[in-house]
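K.L.:
Heads up: the sequence shown is residues 1 to 92, going by full-length UniProt numbering.
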Amino acid sequence: MWFFRKDPHVKPEGPLAFRVRVRTKSGEVVELRLSKSMEISPVEGGYYVRKDIVAPRSLDRAVLEIWFDSRYRPVRKSVEGGELVPIREWSG
1 MWFFRKDPHV KPEGPLAFRV RVRTKSGEVV ELRLSKSMEI SPVEGGYYVR KDIVAPRSLD
61 RAVLEIWFDS RYRPVRKSVE GGELVPIREW SG
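Rendered as structure tokens:
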């Protein structure tokens, strides 16, 4: 039996979406909602999403990419121009 621990950066929001937070270079945190039906695309062996981010206050730009396995478990994550904020650091 396989046991997968929860991802430290990608938080499920019910069965249809995920939430992630990205900290841009200036320190601004942007929260994103990733919809399985609208934004996450099927690829060979699983799913993939790429989001271009523009922070509303600082206008910092970042690019988030997440690769999921066939059961929507994150297997690889990348942020160009920022970093993922661990769920344990989220407030509210």
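Quick reminder that beta carbons are idealized off the backbone N, C-alpha and C, glycines included.
1) Name the one or two DSSP bridge partners that residue 87 has.
2) In whole angstroms, give me the CA-to-CA distance for residue 54 and residue 63.
3) What do you reckon, are the CB atoms on residue 66 and residue 49 nearer than 9 Å?
4) Which residues in the same chain as residue 19 place their Cβ atom closer than 6 Å to its Cβ, once the five residues preceding and following it in sequence are excluded?
5) In angstroms with no decimal places, state the Cα-to-Cα distance between residue 42 and residue 15.
P.N.:
Well, looking at it:
1) Looking at the DSSP assignment, residue 87 forms no beta bridge with any residue, so it has no partner.
2) 9 Å
3) yes
4) 11, 13, 33
5) 16 Å
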